[in-house]
Amino acid sequence: MVIAFMVSRLRRAVVLAGVVFASALLVAGCQRVPLLAPSGSTITLIASATALPVNGSTDLIAQVIEPSGTPPQSGTTVSFTTTLGSIQPSRAETDISGRAIVKFLAGTGSGTATITAISGGASVASASALKILVGTAAVGRVIVSANPTLVPALGGTTTITAVIIDVNGNPLSAAPVSFSTTAGTLADAFVNADQSGLAQTTLRTSTAATVTASVGAQGAPSSGGSTTPPTTPPAAGTTAGQASGTVTVGIASSPTLVITPPATPPTAGLPAAFAFVVTAAANNGSSVRDVTVNWGDGSQSDLGAITGSVTVAHVYRSAASYSIAASVTDSSGNVVNVSTFVTVL
């Protein structure tokens, strides 16, 4: 009797263990099989941005719709692939509205990322694959400016600024910019655009120069000294991934200064009238900033920003011959020096 009871309990334990084991296998099997979209469903990919700098990122949304026009069951698995960069995570589950959201990471390479998604028998058609332009492939146009646009005839510096714009009209950061010039020297011939899409260098020149800023497959950048742009530069802003812009830096023409002493020799101790004629440059000129005079007897006069003809009186205390030196400076930094002689009786 006791033996029969023990055998009965043993059989029940074995049966119960078998049920538990079978249930565990069933649950494990269900966990290994992801929920997928039914055949005939459609997947549409949407990106927050379609142009990115290197190492940039953007959200991706896969919208899944069943043949009936309704979202699939929440938790439907969607797998993503890309030809450039990476997607994190590479698989995601849909929410109640049928959307699976992941993040695209551009990485360090430039080019076009072609992104697709699949769930069961549903996938993004090749013609509808999402494309994101990365790095230099995203360049739309390059805008170049110089400040100042004129430098002195004796030589000067100007700041060259290139603004890199992507195909969507937004600033493109981290784009490598190559600068070249037809004259003068560049402080930096290769600069990466900052977060605002700006790249700057400095040009030093004493002759007119055209500076070209290029992004994309424009050839090797110059390393300083006088450089020459490509023989056939690409059209600015006409091809994604290849864009350039130019700016011309001119030479500021110098003003002129003429000193005319009195017609008769001045007398010591009496005021003598001297005529100063200052003319600003007509072409590529700038305003006169200052005129100074050294009378040759130890005294000086600052005439200020004069133009035209001005008469200035000066008294020499002793009879002698004096050298009068005057200089005119304009806003571009040009300095013109002239001199004349006067004999005081």
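FYI, in numbering that gives the first Met the number 0 the residues of the sequence shown are 0 to 344. Glycine residues also receive a C-beta, built at the ideal position from the N, C-alpha and C atoms. Given the structure is predicted, the values throughout are model-derived calculations rather than measurements.
Residue 134 carries a helical assignment under DSSP once its states are collapsed to helix, strand and coil. Judged by DSSP in its simplified three-state form, residue 126 adopts helix. Residue pairing from DSSP places residue 41 in a beta bridge opposite 64.
Sequence-distant partners of residue 102 (beyond 5 residues in either direction) whose C-beta falls short of 8 angstroms from its own C-beta, in its chain, are 56, 57, 58, 59, 86 and 87. Given a length threshold of 3 residues, each whole run of the beta strand (DSSP E) inside the region 261-335 is given here in chain order: 270-278, 287-293, 299-303, 307-314 and 319-329.
Residue range 175-180 is occupied by the beta strand (DSSP E) that includes residue 177. C-alpha of residue 121 to C-alpha of residue 112: approximately 21 angstroms in a straight line. Shown here, residue 194 sits in coil according to DSSP, grouped into three states, outside any helix or strand. Under DSSP, residue 51 forms a beta bridge with 133.
Here DSSP, grouped into helix, strand and coil, assigns residue 166 to coil.
The C-beta separation of residue 36 from residue 96 comes to about 14 angstroms, leaving the pair out of contact by the 8 angstroms criterion. Annotation: residue 300 to residue 330 spans about 20 angstroms, alpha carbon to alpha carbon. Assigned with DSSP and collapsed to three states, residue 183 falls in coil, not helix or strand. Boundaries of the beta strand (DSSP E) around residue 87: 85-87. Each residue's CA atom was taken as its position, placing residue 61 and residue 116 some 7 angstroms apart. Taking the CA atoms as reference points, residue 322 sits about 47 angstroms from residue 179.
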